[in-house]
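S.K.:
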Amino acid sequence: MDDFSRFLPHEAVMADLAAANKKTLFQSLSSLAERVMGLDGKQVLDRLNERERLGTTGFGGGVAIPHGRMPGLDRVRGAFVRLARPIDYGAIDDLPVDMVFMLMSPADAGADHLKALAQVSRRMRDRAFLAKLRGAASPDALYALFTATETRDAA
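Take the sequence shown: its letter number 15 is residue 15 in full-length UniProt numbering, and every next letter is one higher.
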C-alpha cells in the first residue's frame with residue numbers, strides 16, 4: 001500500500017507555485033516546511049542544497065525529488081508542489097521540472113528514508129499519475145490523488 005499520508009500532510013501540498021529557478025524553489029520548499037511542519041527553514045534549505053551538490057535530484061520527465069536528512073526529525077516528512085511554470089533544474093534528461101516532491105528524513109533513518117524515496121520515485125514515474133497531477137485543479141485534488149490509492153488498496 002502506498003501510504004503517502006504517513007509523511008505527506010495535506011497542508012504541505014501546493015498547486016501552481018511560482019518559482020523562477022531552483023534557488024527560489026528550494027527557498028519556497030524550506031518556508032513551506034517551516035510553516036507546515038515546524039522545521040527550521042534554514043536547516044531544510046541547507047540540507048537540500050547539500051544534497052543537490054552531490055548530484056541532481058531531477059530524475060527526468062519533469063519530476064524532481066529533492067531530499068535530505070536532518071538531525072532532530074522524528075520521522076520522514078514530505079511536501080509536494082506543482083509549479084506554475086516549469087523551471088530549468090538540471091535534471092538528468094535536461095527537461096524542465098514542474099513536479100517536485102521534497103522529502104526530509106531523520107539523520108539516522110536509513111531504511112525509512114530509502115523506503116519513502118522509493119515509494120515516491122515509483123509513483124512519480126507513472127506517466128498516467130503525472131498526467132492526473134498536471135490536470136488537478138487544486139491542492140485538495142492533488143492530495144486526493146496521492147491518497148486515493150490508499151483507499152483502493154484498503155478495500
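Glycine included, C-beta positions come from ideal geometry on N, C-alpha and C.
Which value, in whole angstroms, describes the spacing of the CA atoms of Gly78 and Phe7?
M.R.: C-alpha separation (whole angstroms): 5 Å.
S.K.: Going by DSSP, name the residue or residues bridged to Gly68.
M.R.: Met104
S.K.: Should Arg125 go down as buried or exposed, given a rule of 16 or more other Cβ atoms within 10 Å for buried?
M.R.: exposed
S.K.: How many angstroms separate the CA atom of Leu103 from the CA atom of Ala137?
M.R.: 23 Å
S.K.: Relative to the C-alpha of Asp40, which candidate in Leu73, Ala91 and Ala144 has its C-alpha closest?
M.R.: Out of Leu73, Ala91 and Ala144, Leu73 has the C-alpha closest to the C-alpha of Asp40.
S.K.: Answer yes or no: do Phe59 and Ile87 have a C-beta to C-beta separation smaller than 8 Å?
M.R.: no
S.K.: For Ala20 versus Ser28, is the C-beta spacing smaller than 8 Å?
M.R.: no
S.K.: To the nearest angstrom, how far is the alpha carbon of Asp3 from that of Lys132?
M.R.: 18 Å
S.K.: Measuring straight from C-alpha to C-alpha, what distance separates Ala141 and Leu17?
M.R.: 15 Å
S.K.: Kindly identify the DSSP beta-bridge partner or partners of Ile87.
M.R.: Val97
S.K.: Give a yes or no on whether the C-beta atoms belonging to Gly61 and Leu95 are separated by under 8 Å.
M.R.: yes
S.K.: Report the rounded CA-to-CA distance for residue 175 versus Ala84, giving the unit in angstroms.
M.R.: One cannot answer for residue 175 here, as it falls past the ends of the chain, which runs 1 to 155.
S.K.: Could you name the residues that DSSP lists as bridge partners for Leu17?
M.R.: Leu83
S.K.: Restricting to Cα atoms, I'd like to know which of Tyr89, Phe80 and Pro71 is closest to Ala33.
M.R.: Nearest C-alpha to Ala33: Phe80.
S.K.: Can you give me the C-alpha to C-alpha distance between Ala64 and Met99, rounded to a whole angstrom?
M.R.: 6 Å
S.K.: CA-CA distance, Thr57 and Leu117?
M.R.: When rounded, the separation of the alpha-carbon atoms in Thr57 and Leu117 is 11 Å.
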